[in-house]
Amino acid sequence: MKKFLLFGVCLFLTMGMLHGQTATNIYTTNPAAGDVLQGNYNPADYASGNVISNPEDIVQGLIQQINSDSLHNYMEALGSFGNRNSGSDTLSAVRGIGAARTWALAEMDQFSLANEDRLVVSFLQFDINICDITRHKNVLGVLPGTDPQAGVVIIEGHMDSRCEGLCDTACVAQGIDDNGSGSALVLELARVMSQYTFTKTIVFMLTIGEEQGLYGAEAMAKYCKDNGVNVVAVLNNDIVGGVMCGHTASAPMCPFDTPIDSMNLRLFSNGLHLSLPKQLARFSRLEYNEMARPHETVKMELHVMTGEDRSGRGGDHQPFRAQGYPSIRFCSANENGDANSSDSNYVDNQHSSRDVMGYDTNNDMIIDSFLVDFNYLRRNALVNANAAAMIAQGPVTPEKPVLQTLDGGGLVVTFADPNNYGKYRVACRYNSSVDWDTLVTFTSLSDTIWGLPNLKLQVDSGNPNNNWWISVASLDSLDIESLFTNESYKAVVDNTGIGDHEPYQEAAWELHQNRPNPFDEATTITVQVHRRIPYDHAEVRIVDMAGREVVRMPIILDREFNEVVFRHGLRNQGYLMYSLVVDGRTVDTKQMLFGF
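What follows is the structure, given as C-alpha cells:
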C-alpha cells in the first residue's frame, strides 16, 4: 500500500432500444480479429521487425506523419459514393454504403500490407432492421498489442451519412463533415499508427447506423460485453473538421464566440463525480497539453465539457458508456447546423444535401471555398492519436485511493499498486470543478507536500464546506501516466482546518453547489447520498427569482453521487434557485447564476 501525506490539503437509451430493436448474430467476419479482441493470440505473430515503442518517438512520428492531404483524399473518396445512408445500396461498386465499406476495408488492408500485415482487418457483421436493410457491417482494423490481457483502446467514427429524410437513399448525402471528417480521421490514424508497437490493442472502427439510432456502435459495445473484451477507453470522433458556425447549432452552440473556429476542440463525456468517462476526457486533455502541444506550431485548446453531448443530441460513445466502458466524444468547436433539417426554414448543412466538401465560387470546376479545414482536422487527429498512444503504451493504473483526514490538518491518500512503480501523480479537484485543479507528482514514497501555493481551499458563499475529489495514476520509467483511477471523495471544513464532514452526517441527502457556476448553457447538479432511506419520488426543481417554475427534473438517489444536467439554453441571464425535493418535501435550496 502506498501512502502520501498532503499537508495543507490536497436519457441514455439508444434509439435502437427505444425502437425495441437490438442487434443479433454479431460476429467478426475475420475470426482472427475476434481472437485478438478477446486476448486469444500469440503476440509474436504480430511482432514488428522494427519495433518503435518509445512514447516520445511515437508522438514525434504522429506529429510528422498525420497528413492533412491524406485526410482530404479520404473525404473526397467518401463523398464520391453519393449516399452512405445505412439503408442505401449494398451491392453497387460505386454508390451507397456497401461500396463505401468495401472501399474502407480495402484501405485498411493496404495499411496492413504496408506494415508487415500487423493490422487485422475485418467486418463486424450484425443483423438489425435499419431502413428495411437487415444485415449491416462495421469496418474494423485491429492492431494487436504486445500484452493480450492489457486491454483494448477503440478509436471510432461513424461512416454513414444522411440528408433531410432519415431513410432517403436517393438524395445526395455526401456527409463530408458529418461524418466524413471523423471517418477520415480514423482511417488516417489506422495508416499512421500501424507502424508502431503498443502494449494494448488498438481498434480503428468505422460504424454504420449512427444516424438512425447508434446501431453500429451498440452492436460493437454488445459484442465486447458478451465476449469479455477488456475495453479500457473509447474515443469517438463525430463532426471534427468543420470550423463554421451555422445559423443554428445545438447548444452549447459555437461556445467560443467566433463564427469561424479552428483553435478549439470540445471533449464531451458522461458524469462529473466518480465518472470514468470524465476522467478519460481529463486525461486526453492532459496528455495533449504535455506530450504533443509543446511541439505543435499551431496549438489547440481542448475543453472538457460539462455534458455527455450537445443539448438533445447523442453519439456513438454512448452505447459503450451504457455497457460500462469509459468513452468520450471529440467534436469541433463550431457546428454548421443543429440537424433539424425537417424545419422548412433550415438553411444549415448538417443532415442535409448541403454537407459537402465546399463550393466552386469561380466556376472553374475546382472547389475553392472549403467547408472543412483539413489542417484543423489534422490537429484533431493528433489529439486522438496522442491520447490513444499514451493509453495504449502507459503503465497499469493503481487501485482507487482511500482518503483520510488528520486531526492536525492534512489528507492521507492511500492506495495499492501491485506493480510497485514507485512514482505517481495525484489529481485533485475541489468544489466540483469540471477539470482537475491540481496535479502533484510524487517521486518517492516519502514525499510530503506542505502548503501547496496553487492548491487552496475555495469557499462557496454561504457554505464553509469544501469537497475534494482525488484520483491517482502510475508513472513508468519514462514518466508516462497510466489512466487515472476513478475518484475518491472527502469533504473538509475550512473554518476548523481539515476534518471530517460534520454538517451532513445526520442528513440522508446533500445538495451540492452546481458546477460550473456561473454557467453558459448547461450545468451539473449533484446530490450526495450519505445514508440510504426509503423514498418514493425525488426531483430537482428550478425556479427563477420571481418564483416561476422553470423545470422539474426527476433524479434517482441510488448511488453515493447522483447527477442531473440542467440545460438552460440561451434564455434570459440571471440568478435561478434550485431545490432537492423528496416526496414533496424540500430538502435544500441553492442559488446558481446563468450568464454568457
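Quick note on numbering that gives the first Met the number 0: the sequence shown kicks off at 0 and runs consecutively. Backbone N, C-alpha and C define an ideal beta-carbon position, used for all residues, glycine too.
Item, Value
"Boundaries of the alpha helix (DSSP H) in which G78 is found, first to last residue", "67 to 78"
"Minimum C-alpha distance to H536 - residue among D519, N178, T168, L556", "L556"
"Within 7 angstroms, strictly: CB atoms of Q349 and D177", "yes"
"When N418, A332, L579 are compared against W508, the one with the closest alpha-carbon", "L579"
"Euclidean distance between Cα positions of V563 and L592", "17 angstroms"
"Minimum C-alpha distance to L36 - residue among K589, T168, T145", "T145"
"Inter-residue CB distance, G78 and G179 (contact presumed, cutoff 8 angstroms)", "6 angstroms"
"E217 - DSSP class collapsed to helix/strand/coil", "helix"
"Among G181, G174, V141, the one whose alpha carbon lies nearest that of G156", "G181"
"Assigned exposure category for M158 - 16 Cβ within 10 Å defines buried", "buried"
"Exposure of H511, with buried meaning 16 or more beta-carbon neighbours within 10 Å", "buried"
"Opposing strand residues paired with N236 [DSSP bridges]", "F329"
"E210 versus G86 - alpha carbon distance", "11 angstroms"
"Under the three-state DSSP convention, the category M107 falls into", "helix"
"4 or more residues per run - each alpha helix (DSSP H) lying fully within the region 154 to 228", "181 to 192, 209 to 212, 214 to 225"
"Limits of the unbroken beta strand (DSSP E) element including F565", "560 to 566"
"Buried or exposed by the 16-neighbour rule on C-beta atoms within 10 Å, applied to G50", "Before going on, a small fix: residue 50 reads as Val here, not Gly. The residue is exposed, with fewer than 16 neighbouring Cβ atoms inside 10 Å."
"Environment of D225 [buried if 16+ CB atoms lie within 10 Å]", "exposed"
"D34 in three-state terms, based on DSSP", "helix"
"As assigned by DSSP and simplified to three states, the class of E538", "strand"
"Between the CA atoms of G393 and T198 - distance to the nearest angstrom", "8 angstroms"
"Buried versus exposed, by CB contacts within 10 Å (16 or more), T296", "exposed"
"Pair within 7 angstroms by beta-carbon distance, S368 and T360", "yes"
"Expected contact under 8 angstroms - CB spacing of F441 and Y423 to nearest Å", "5 angstroms"
"Where M389 sits in the DSSP three-state scheme", "helix"
"Three-state secondary structure assigned by DSSP to H294", "helix"
"Below-7 angstroms beta-carbon distance, N419 vs any chain D residue", "The chain labelled as chain D is not found in the depicted structure, where only one protein chain is given."
"Cβ contact check for the region 382 to 402 and the region 58 to 71: 3 or more pairs under 8 angstroms", "yes"
"Residues bridged to F125 [DSSP beta-bridge criterion]", "H135"
"Reduced DSSP secondary structure (H/G/I, E/B, other) of I555", "coil"
"Q148 burial status per 10 Å Cβ neighbour count (16 or more: buried)", "exposed"
"Where F373 falls: helix, strand or coil (DSSP)", "helix"
"Buried versus exposed call for L239 [16 or more other C-beta atoms within 10 Å across all chains shown]", "The residue you asked about is not Leu; residue 239 is Val in the sequence shown. Under this definition V239 is a buried residue."
"Cα-Cα separation, V401 to V550", "37 angstroms"
"Boundaries of the alpha helix (DSSP H) in which E55 is found, first to last residue", "54 to 64"
"Residues sharing a beta bridge with V439, DSSP", "V425"
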